[in-house]
Structure formats: structure tokens, C-alpha cells
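So the structure is just underneath, and the comments pick up after that.
There are 2 protein chains.
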Amino acid sequence: MSIEPTPAPHRVVIVGAGFGGLETVYRLAGAPVAVTLVDRRNHHLFQPLLYQVATAALGPSEIAWPIRYLLRGRPEVTTLLATVTGIDTNARSVTLDGGDSLPYDTLVLATGARHAYFGHDEWEPFAPGLKTLEDATTLRRRILIAFEDAERERDPERRAALLTFVIIGAGPTGVELAGTIAELAHDTLPADFRNIDTRKARVVLIEAGPRVLAGFPDELSAYAQASLQSLDVEVALGQPVTECTADGVVYGGKSLQAKTIIWAAGVRASPAAEWLGAPADRAGRLQVLSDLTVPGHPEIFAIGDTVAINGPDGMPVPGIAPAAKQQGRHVAKAIKARLRGETPGPFVYRHAGNLAQIGKRSAVIDFGRIKLRGAIAWWIWGIAHIYFLIGLRNRLAVAINWLWIYTRSQRGARLITQGRAKVSNYWP
Amino acid sequence: MSIEPTPAPHRVVIVGAGFGGLETVYRLAGAPVAVTLVDRRNHHLFQPLLYQVATAALGPSEIAWPIRYLLRGRPEVTTLLATVTGIDTNARSVTLDGGDSLPYDTLVLATGARHAYFGHDEWEPFAPGLKTLEDATTLRRRILIAFEDAERERDPERRAALLTFVIIGAGPTGVELAGTIAELAHDTLPADFRNIDTRKARVVLIEAGPRVLAGFPDELSAYAQASLQSLDVEVALGQPVTECTADGVVYGGKSLQAKTIIWAAGVRASPAAEWLGAPADRAGRLQVLSDLTVPGHPEIFAIGDTVAINGPDGMPVPGIAPAAKQQGRHVAKAIKARLRGETPGPFVYRHAGNLAQIGKRSAVIDFGRIKLRGAIAWWIWGIAHIYFLIGLRNRLAVAINWLWIYTRSQRGARLITQGRAKVSNYWP
Chain A
1 MSIEPTPAPH RVVIVGAGFG GLETVYRLAG APVAVTLVDR RNHHLFQPLL
51 YQVATAALGP SEIAWPIRYL LRGRPEVTTL LATVTGIDTN ARSVTLDGGD
101 SLPYDTLVLA TGARHAYFGH DEWEPFAPGL KTLEDATTLR RRILIAFEDA
151 ERERDPERRA ALLTFVIIGA GPTGVELAGT IAELAHDTLP ADFRNIDTRK
201 ARVVLIEAGP RVLAGFPDEL SAYAQASLQS LDVEVALGQP VTECTADGVV
251 YGGKSLQAKT IIWAAGVRAS PAAEWLGAPA DRAGRLQVLS DLTVPGHPEI
301 FAIGDTVAIN GPDGMPVPGI APAAKQQGRH VAKAIKARLR GETPGPFVYR
351 HAGNLAQIGK RSAVIDFGRI KLRGAIAWWI WGIAHIYFLI GLRNRLAVAI
401 NWLWIYTRSQ RGARLITQGR AKVSNYWP
Chain B
429 MSIEPTPAPH RVVIVGAGFG GLETVYRLAG APVAVTLVDR RNHHLFQPLL
479 YQVATAALGP SEIAWPIRYL LRGRPEVTTL LATVTGIDTN ARSVTLDGGD
529 SLPYDTLVLA TGARHAYFGH DEWEPFAPGL KTLEDATTLR RRILIAFEDA
579 ERERDPERRA ALLTFVIIGA GPTGVELAGT IAELAHDTLP ADFRNIDTRK
629 ARVVLIEAGP RVLAGFPDEL SAYAQASLQS LDVEVALGQP VTECTADGVV
679 YGGKSLQAKT IIWAAGVRAS PAAEWLGAPA DRAGRLQVLS DLTVPGHPEI
729 FAIGDTVAIN GPDGMPVPGI APAAKQQGRH VAKAIKARLR GETPGPFVYR
779 HAGNLAQIGK RSAVIDFGRI KLRGAIAWWI WGIAHIYFLI GLRNRLAVAI
829 NWLWIYTRSQ RGARLITQGR AKVSNYWP
């Protein structure tokens with residue numbers, strides 16, 4: 001109940017509530033700012049586990065939280081469910097769907113990336129990618145329906161195509177999807193079907209480059225490949241995909257009939273660069289200065305998957321959650337420093353490590369000098385992910401689900417929802 | 429590895445894997461039959477808790493299970509994900525989408541019901557009902573988006589309409605939805621919003637009849653009404669709705685601006701009667717004989733919400749899960765009796781009771797002579813529902829979620845997914 005007049009607080013608008021945007025908000029706690037966080041979705045998504053929703057291991061609500069719930073204890077933060085349609089850098093305002101404009105003193109763009117088809121957007125309907133909860137439930141539906149349709153199919157060739165799962169791109173997402181789909185087919189489903197042997201399902205992981213997990217050291221790539229092959233995943237390396245259709249793929253000159261194709265081969269940044277008319281690299285990522293501001297706009301920061309910046313080793317900062325969070329932390333610090341009249345220093349990326357799960361009891365971790373693989377890596381992977389999940393309830397729910405899968409090979413989230421054309425009208 | 433020739437087993441086709449159809453399959457265990465269970469969905473749904481998905485208390489995978497997972501231990505049962513398009517009673521076969529036909533010796537129709545608008549189908553887009561998981565996630569999206577839009581809305585009148593929730597029909601579903609939405613607005617959400625006070629949201633329960641929970645004794649209806657009012661639900665009795673639009677409802681001559689309207693006022697049976705060309709009542713329910721067979725077709729049974737039959741007291745058997753399960757049990761017994769050359773007796777309904785939850789620590793239970801209400805009824809309601817949930821994993825997950833809501837007033841499944849027109853294109 002102070003009666004002293006207070007100056008209007010510095011207005012920070014943050015677009016995007018992914019790892020980077022949310023970390024910025026968290027780290028601005030206590031600063032004399034009024035924060036508005038804008039996202040076109042109402043939830044923060046723990047993207048590293050998204051493939052587990054796509055493969056029916058976890059339910060959507062176990063890896064996503066309402067943004068405003070996460071920030072309920074921060075009265076100075078306003079959360080808006082809105083889509084940004086443009087930025088007026090002269091007026092210093094963000095334009096939202098519906099025409100509202102949101103003025104800012106400092107703007108933070110943390111708008112992420114979406115999967116990209118390298119000039120083959122026509123492949124998207126046949127080879128959907130995995131970035132959002134909807135992508136994940138769509139993939140889950142497609143994967144589960146393929147088994148259902150195979151159970152009904154009498155033609156052996158069509159049945160084989162229904163039981164062939166192609167994953168394009170052998171980065172962490174592709175490897176994790178391939179391993180998990182193989183386990184789904186070989187461990188979880190066999191007892192459930194009468195006319196098909198789901199163990200005969202083919203999982204084919206196609207990669208244009210020479211090895212899986214190109215971001216990892218050679219020895220871990222080799223281990224991951226062997227581990228995938230022990231799960232009966234067919235790994236095709238050095239064979240770019242040249243065609244995707246409703247019937248299958250063409251890769252390395254060969255054609256393969258497959259009803260389920262998943263795209264895990266690349267991403268494209270959000271149009272933040274277009275909003276600003278600022279220079280971007282080929283993947284649409286904004287070029288930012290060393291302090292993460294946009295050239296010519298010290299009042300605009302950009303972080304996470306929507307920017308291109310190099311680490312101290314001269315290598316690009318990878319598009320992973322810890323990198324986005326470090327950048328968010330830097331931006332929050334920079335804003336606070338400026339409000340104290342100081343000049344913030346450059347962002348320095350510290351790479352903690354890379355990790356990827358391949359299957360039950362199999363993962364690879366690259367901590368730089370320490371490299372781990374196999375069961376020990378898998379346990380560390382699991383504990384780290386449960387630790388980083390926000391909120392006790394979800395940690396418990398995820399732990400229970402994983403325990404269930406681990407001990408029983410069963411999956412709790414095998415739901416086909418949102419219909420499909422074929423079954424959308426139950427009653428004629 | 430027997431080498432004796434076995435006779436072709438009696439083929440039982442069951443359409444619908446709700447409470448009735450699934451119970452029939454369970455109770456046919458050990459009988460010399462080959463069962464095919466057809467459902468257009470891959471999951472069995474625990475419908476009594478569907479309103480909790482619609483109100484963000486539970487996630488879809490906590491109240492639904494893949495049908496073939498439930499029957500994985502029954503090799504003589506084949507599960508098909510398929511839509512029935514017709515029945516050829518002469519050829520004794522069921523026609524599926526895609527044209528396949530499925531021959532039967534005995535057919536069991538357990539195809540349920542859908543909400544109905546009594547000749548006002550044009551109301552459906554404005555007042556969706558609640559029968560499927562998609563219905564529930566659609567309602568969840570609408571309810572949560574209403575609060576989101578209110579947070580952004582500056583016009584007081586439009587904001588009030590966004591914060592007005594109308595439920596039409598005060599049966600158990602309507603009462604449970606009204607109580608839970610009131611709790612969502614008054615307990616769960618207040619700390620999350622900055623521009624609106626969600627405690628001022630209006631929840632209006634409209635009923636054409638003279639009291640809420642018409643299927644319960646007067647005293648429990650009165651308690652339920654008082655309990656709803658203590659949750660700030662406005663209860664409007666004896667006032668039929670005469671209009672539903674995108675802007676609100678007209679009831680009892682009054683018009684009320686409301687952006688969220690939910691239909692809980694009535695159901696219509698599946699078209700099983702149309703498939704058979706058999707007589708049905710006004711709600712489309714098949715008239716069956718006392719042994720649950722269709723007149724003129726002793727080889728066709730029909731059970732659950734798709735049939736109209738009276739109990740021993742002359743009153744209609746209610747459309748509740750225990751009734752459908754009792755009928756499924758009867759049909760399984762009848763099929764087994766016939767295979768032994770016996771003539772099965774009539775179905776006799778035993779009414780165990782009715783129960784409905786109103787809010788936290790408030791429920792009503794009518795066991796006939798014993799009537800319970802308040803906290804004790806609520807605990808029995810909760811324990812009974814957890815007990816009837818299939819599968820330990822779900823029981824645990826639901827118990828954890830409820831504990832969380834009970835102790836923290838927080839809800840884990842507050843996700844808006846599958847987009848809305850307004851935000852479907854993040855990047856222009």
C-alpha cells in the first residue's frame with residue numbers, strides 16, 4: 001500500500017513460451033519490469049519427450065503444462081494466448097491476431113522452429129514431422145491405425161506396406177522414433193493381434209549422411225547403429241530420399257512401399273527474421289550479435305532455434321533445450337544489467353553434452369571427455385529427463401508410465417483419437 | 429497340438445466395445461465360440477468420467493484403454509477397428525466400411541447412443557455434447573479458450589459472454605459438468621489470470637423439468653441443487669431452451685449471452701434399429717424381447733443404450749454402465765446355454781443404485797432404501813470409480829490426479845490442442 005508514485009515499469013514482451021522464452025521469464029523474477037508472454041498455444045511443451053507421445057508411451061498432459069499455471073505465482077507477468085502477425089519496430093509494438101498491438105520497451109523473440117522439407121513441401125502430407133502435441137497425436141494415430149488396417153488387410157503386399165515404417169533422418173529424433181517404434185511392434189503389440197505378427201513389422205531409418213547421430217562422436221554413432229540393428233531397425237546410410245508419396249519412398253535409387261513415413265530430417269526457423277526484415281541464414285534463422293540482439297535493434301533479443309550463432313569453439317550453437325535456456329538466462333541478465341545502467345557482455349555458450357535414447361536400456365551420452373552408452377547411459381537419460389520435467393505430478397506420472405512399460409512392455413496412451421476419414425461417420 | 433478334427437466354432441460377432449459389448453466378451457471366456465469384436469474406435473471408454481476430461485481434471489489416456497490390449501489374453505477373440513455400415517440378416521453377415529462382410533452365427537449389437545437435439549440439429553455447432561473422447565477434448569478446448577479470450581477482451585459485454593457457461597440439461601452429466609466448471613473457475617484458475625477475475629464467471633444450469641437429477645429421489649435432488657448453488661451455479665428449472673446460437677441461448681423467454689454452451693439434455697440410440705429395419709421407440713431404441721433378442725431374430729441380441737426394455741418394476745432400464753454390463757452378462761450366459769442345447773430365460777434387471785458427483789466433497793447416492801449425500805457419498809463415489817477403472821496403471825494415475833486436485837485445486841490436463849481457426853497459422 002505504498003503511496004509513493006512509481007515510474008511506469010519497463011515493458012518486456014516475450015514471444016514464445018518454449019525453453020528459451022520461459023527461462024527468460026523465470027530469470028526476470030524480481031526485476032522492475034512488466035512482462036507479457038505471448039504464445040499461440042496455452043502450454044509449454046517438453047519437446048525432448050515428444051516422440052514418446054507419438055509412440056504411445058506418454059499422454060500429452062504428461063509432457064505439457066499450461067503456461068499461465070507455470071507463472072501463477074508471478075503477478076507481474078501477463079500471459080496471452082495469441083498469434084503474432086508482425087512487428088512494428090518503429091512504433092515498438094507487436095501486432096497480434098485480431099489486430100491488437102502490444103507495445104514493448106524490450107522484445108524477446110523465442111519463436112522456435114518447425115520441421116522443413118528442403119523445397120519439398122509437397123511431401124508433408126505423406127511424411128509428417130514432429131514438433132507439436134498435435135504432430136505427436138497425429139503420428140500416434142497413423143502408427144496405430146497402420147497396425148489396425150494391417151489386421152484387416154488380406155492382400156499380402158498391401159499388408160506389408162502397412163507394416164513398414166520409414167523414418168527419414170537419423171538425428172536424435174529419428175533414432176529415438178525408430179527405436180521406440182521397433183519396441184512398440186516387437187514388444188508391446190504382438191499379443192494384441194490375431195491376423196498379423198507385429199514382430200514382422202519393418203522399421204527403416206533412412207539417412208542421407210554417412211552415419212546416425214551425426215552430432216555425436218563416431219564411436220557413439222557406431223554404438224547407436226548397432227543398438228538399433230539389435231532392435232531389428234534397418235539402417236540405410238548415405239541414401240538421400242528423392243521421393244515421398246502416399247505409397248512409400250524412393251531412396252538411394254530404390255523404392256520402398258510404406259504406409260507410414262515420418263519426417264525427422266530438418267527444421268526451419270520461425271519467420272522472426274521476416275517480421276523484422278532482418279538477415280537470416282538458409283534455414284531462416286536470424287543472424288544476431290554476440291549479445292543476442294538483432295543488428296540495429298539493441299532493444300530486440302532473439303534466442304533459441306530461431307537464431308544462428310556460434311559457440312566459443314566456432315561451431316554453431318545446437319538447437320537443444322539447454323542452449324535455449326542458457327540464452328534465456330543471458331537475456332534476462334542483460335535486461336537487468338541495462339536497467340541498472342550497465343552494459344551487458346556477450347553470450348557465451350557452454351556445451352554440457354548431448355544425449356539420445358535408442359531403446360529400453362540403451363542410450364548414448366556425450367559429455368565431451370566422458371562418453372557413456374548402454375544401460376548406464378539409459379538410466380542417466382531417464383533420471384535427467386524426469387528431473388527436468390516441471391512439476392511433481394508429471395514426474396510421478398511419467399515415472400509410473402515408464403515403470404509400466406519397463407516391467408510389462410505395455411503402453412498406456414495407445415489411443416486413436418480425432419478420427420480418420422474412414423471411420424468418421426459411425427452412423428451412415 | 430491336438431490332431432482330432434474340431435468342429436468349426438460358433439461365430440459370435442459383437443458390435444461395440446462399450447460396457448455392454450466388452451462384458452459380453454469377458455463373460456464368453458471359455459465358451460466354444462470364435463468372437464469378433466468390432467468397434468469404430470480402438471479404445472474402450474470409461475464414459476462416467478468423461479466430464480472430467482472435458483473439465484481438464486483427467487487426461488484422455490486415463491479413462492480409455494485400447495480394446496485389443498484389454499483382450500490380449502483371449503486368443504479366440506479378434507478385435508477389428510471398423511465401422512459397421514449395415515447388416516444382412518438373410519446372409520447373416522455384418523457389412524463393414526470398405527465392403528468386407530463379416531459372417532455371424534450370433535450377433536450382439538451394443539452400439540450405444542449419441543446426444544440428440546430433439547429436432548434441433550442446427551444447435552449442435554453451438555452446444556456440443558459429450559459422448560466421445562473427441563467431444564471431451566473439444567469441450568475442454570472451448571472452455572479453456574473462453575477464459576483465454578476473456579483475458580484478451582476489453583469490451584465488458586463480450587467479456588461477460590466469454591465468462592458465461594451454460595449447461596443445458598440437469599441429469600447427472602449436466603450436474604457434474606456444472607459443478608466441475610464452477611470449481612475450475614472458482615478454485616483452479618483465479619491465480620493464473622491478470623485481467624479477469626475467473627471467480628466472477630457465471631455457470632448456468634438450465635433444465636426444462638421441475639428439478640435437477642430427475643432420476644433421483646426428491647430429497648437428493650434438493651440437496652444437489654443446494655450444493656450446486658453453494659458452488660455459485662445458477663440453477664434455472666422448468667425453463668426449456670428455445671434457441672441456441674453462437675451468441676447464447678434463449679430459455680424461459682429470457683435471452684442470455686454466452687460463448688460456451690454445453691448440451692447434456694438427451695440422447696438418441698445408434699441406428700441399430702435402422703440396420704435391421706426393426707421397430708424402435710422415439711429415441712431410436714430397438715424394441716427387444718424379454719431375452720434381449722430382436723423380434724423374429726433369435727440369433728440377434730441387442731443391449732445397452734441402443735435398446736428400450738423395462739425392468740421388473742415396469743420402469744425403463746436406465747442408460748447406465750451397470751445396466752449395460754448386466755445385459756452383456758445375460759447375453760453371454762444365453763449364448764452358452766444355447767450351445768448346450770438349453771433355452772435361456774428372460775433378462776431381469778437388478779437396479780443397484782444411482783450416483784452423481786456435484787463437486788469436491790459433494791455427491792449423491794441412491795441405493796433405494798439407503799440414500800447418501802455430502803462428503804461420505806463423495807468418498808464412496810470416488811472409491812467406486814477408481815475401483816471400476818480397468819487396470820492398475822490408470823487407477824494409480826487417476827488417484828494421483830484427484831489427490832492433486834483435492835489438495836492443490838490444480839488440474840493437470842489443461843491443454844488446448846487441435847488448434848482453433850484463429851491460431852491455426854502461427855506463421856503467416
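The listed protein sequences correspond, in order, to chains A and B.
Counting along the first sequence from 1, when you hit position 366 you're at 366 in this note's numbering, and nothing is skipped either side.
Counting along the second sequence from 1, when you hit position 163 you're at 591 in this note's numbering, and nothing is skipped either side.
C-beta: ideal position from N, C-alpha, C; glycine also.
So which residues of chain B does residue i contact, with C-beta pairs closer than 9 Å?
i      : result
A/I400 : R821, L824, A825 and I828
A/G151 : Correcting the residue identity first, residue 151 of chain A is Glu in this sequence and not Gly. Near A/E151 (Cβ distances below 9 Å), the residues of chain B are R496, T506, T507, L508 and L509.
A/H43  : R842, L843, I844 and T845
Along chain A, in chain order, which residues have C-beta atoms closer than 7 Å to that of residue i?
i      : result
B/E576 : N42 and L81
B/A765 : Result: empty, since nearest Cβ-Cβ is about 27 Å, beyond 7 Å.
B/R568 : Neighbours of B/R568 on chain A: none; closest Cβ ~10 Å, over 7 Å.
Should residue i be flagged as near chain A, meaning a C-beta pair shorter than 8 Å?
i      : result
B/A730 : no
B/R500 : yes
Cα-Cα, which of the options is closest to residue i?
i      : options                           : result
B/L465 : B/G694, B/L499 and B/P600         : B/L499
B/T938 : B/S529, B/T511 and B/A510         : The structure shown has nothing for residue 938 of chain B, since chain B only spans 429 to 856.
A/A302 : A/G21, A/K254, A/I386 and A/L177  : A/G21
B/R797 : B/I808, B/P723 and B/G781         : B/G781
B/H471 : B/T835, B/G446 and B/P460         : B/G446
A/R361 : A/A224, A/V15 and A/P312          : A/A224
A/P9   : A/T24, A/E219, A/P156 and A/I335  : A/I335
A/V84  : A/L96, A/A91 and A/R92            : A/L96
B/L617 : B/F575, B/R439, B/W809 and B/V594 : B/F575
Consider the Cβ of residue i: report whether some Cβ of chain B lies at a distance smaller than 8 Å.
i      : result
A/A64  : yes
A/D192 : yes
A/R199 : no
A/V423 : With a pLDDT of 31 at A/V423, under the threshold of 50, the predicted position of this residue should be treated as unreliable, though the coordinate-derived value follows. Chain B contact via Cβ: present.
A/A17  : no
Using a 10 Å radius around the Cβ and a threshold of 16 neighbouring Cβ atoms, would you call residue i buried or exposed?
i      : result
B/R568 : buried
B/Q755 : buried
A/Q229 : exposed
A/Y104 : buried
A/F367 : exposed
A/L403 : exposed
A/G171 : buried
A/W378 : buried
B/A606 : buried
B/G705 : exposed
A/A226 : exposed
A/R420 : With a pLDDT of 39 at A/R420, under the threshold of 50, the modelled position of this residue cannot be trusted; read the value that follows with caution. Burial call: exposed.
B/N738 : exposed
Whose Cβ in chain B lies nearer than 7 Å to the Cβ of residue i?
i      : result
A/L144 : N470
Say yes only if the C-beta of residue i is nearer than 7 Å to one or more non-hydrogen atoms of the ligand FAD, and no if none qualify.
i      : result
B/A664 : Only the bare structure without any ligand can be found here, which leaves the ligand FAD out of the picture.
### Task
Pair every Cβ in the segment 708 to 727 of chain B with every Cβ in the segment 768 to 785 of chain B, then say whether three or more of these pairs are closer than 8 Å.
yes
### Query
Does the pairing of the segment 76 to 84 of chain A with the segment 146 to 163 of chain A give three or more beta-carbon distances under 8 Å?
no
### Query
Are the segment 131 to 151 of chain A and the segment 40 to 60 of chain A touching by the rule of at least three beta carbon pairs closer than 8 Å?
yes
### Query
Is the segment 688 to 703 of chain B in contact with the segment 487 to 494 of chain B, if contact means three or more CB pairs nearer than 8 Å?
Verdict: no, contact absent.
### Query
Just checking, does the segment 620 to 639 of chain B make contact with the segment 661 to 680 of chain B on the three C-beta pairs under 8 Å criterion?
yes
### Query
Hey, is the segment 183 to 200 of chain A in contact with the segment 315 to 335 of chain A, meaning 3+ C-beta pairs nearer than 8 Å?
The segment 183 to 200 of chain A vs the segment 315 to 335 of chain A: no contact.
### Query
Between the segment 107 to 123 of chain A and the segment 302 to 312 of chain A, are three or more C-beta pairs nearer than 8 Å?
Touching, per the Cβ criterion.
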